[in-house]
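**Q** To start, I am sharing the structure in question, which I have written as structure tokens.
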Amino acid sequence: MPDKLCCAARIQSSATGIAADLNPLVKRNVLSWRQSERSNTPVVLLNLLPQGVEVVVGIQQFHPENHTIELLDGTFLSDIDEIIFSTGYQYTFPFLPQYHNSSIKGNEEGPQDQPQPIVTDGTHFRSLWRDLFYIDDPTLAFINQACYSRQSSFLADRERTRTPTL
1 MPDKLCCAAR IQSSATGIAA DLNPLVKRNV LSWRQSERSN TPVVLLNLLP QGVEVVVGIQ
61 QFHPENHTIE LLDGTFLSDI DEIIFSTGYQ YTFPFLPQYH NSSIKGNEEG PQDQPQPIVT
121 DGTHFRSLWR DLFYIDDPTL AFINQACYSR QSSFLADRER TRTPTL
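So this is what it looks like as structure tokens:
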């Protein structure tokens, strides 16, 4: 694989994780990012990428006849050996049913007399400060796959690092 040119499409947690894992193994590592009004992609994910990952705009069209990929800005990628479509993670915590409420949509709040949900439709976490600490009970922490090393260090250093009081 050291001579491969890879392109991961979409820049959510799964794509950034794949790009980071592939980086030391491939000759060229391209991450395609299509920003849109509906996208909730935090730009901070770009800061988590290792040096050497090339971030490009979204994919417009594939041209298999000449092995190129046309990007939204009109540029072309050529000689890409592998394309990985990252479809994201589906979050669920079956061992914490009290923090799951699939009847809540979008940014709706849960019932005030119940714990606020952490998972609703499974596409993202909610009610977490810095995507790590559960706001209603900051002794409960979730290590995110995309930035586990930074979050683990922060969590391990809890004696010197304090969460804000609410």
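Under UniProt numbering, the sequence shown has 72 at position 72, and the numbering climbs by one with no breaks.
All C-beta atoms, glycine included, are put in the ideal place defined by N, C-alpha and C.
Distance, Cα to Cα, residue 21 vs residue 31?
**A** 12 Å
**Q** Express the C-alpha separation of residue 115 and residue 17 in angstroms, rounding to a whole number.
**A** 30 Å
**Q** Whether or not the segment 102-114 and the segment 53-64 are in contact is what I'm after, with contact meaning three or more pairs of Cβ atoms, one per stretch, closer than 8 Å; do they touch?
**A** In this structure the segment 53-64 does not touch the segment 102-114; the number of beta carbon pairs closer than 8 Å is below three.
**Q** DSSP state of residue 75, grouped into three classes?
**A** coil
**Q** Assign residue 31 to one of three DSSP states: helix, strand, or coil.
**A** strand
**Q** Taking all protein chains shown into account, decide if residue 78 is buried (16 or more other Cβ within 10 angstroms of its Cβ) or exposed.
**A** exposed
**Q** Below 8 Å on the Cβ atoms is my contact criterion, and I expect residue 34 with residue 57 to pass it. Report the Cβ-Cβ distance as a whole number of Å.
**A** Cβ atoms of residue 34 and residue 57 come within 8 Å of each other, at about 7 Å.
**Q** When you compare only the Cα positions, how much space is there between residue 87 and residue 54?
**A** 19 Å
**Q** Could you pull out every residue in the same chain whose Cβ sits closer than 7 Å to the Cβ of residue 98, ignoring the five residues on either side in sequence?
**A** 115
**Q** Between residue 126 and residue 117, which are expected to be in contact by the criterion C-beta below 8 Å, what is the C-beta distance as a whole number of angstroms?
**A** 6 Å
**Q** Within its chain, find whatever has a CB closer than 8 Å to the CB of residue 123; leave out the 5 residues flanking it on each side and keep chain order.
**A** Same-chain partners within the cutoff: 88, 90 and 91.
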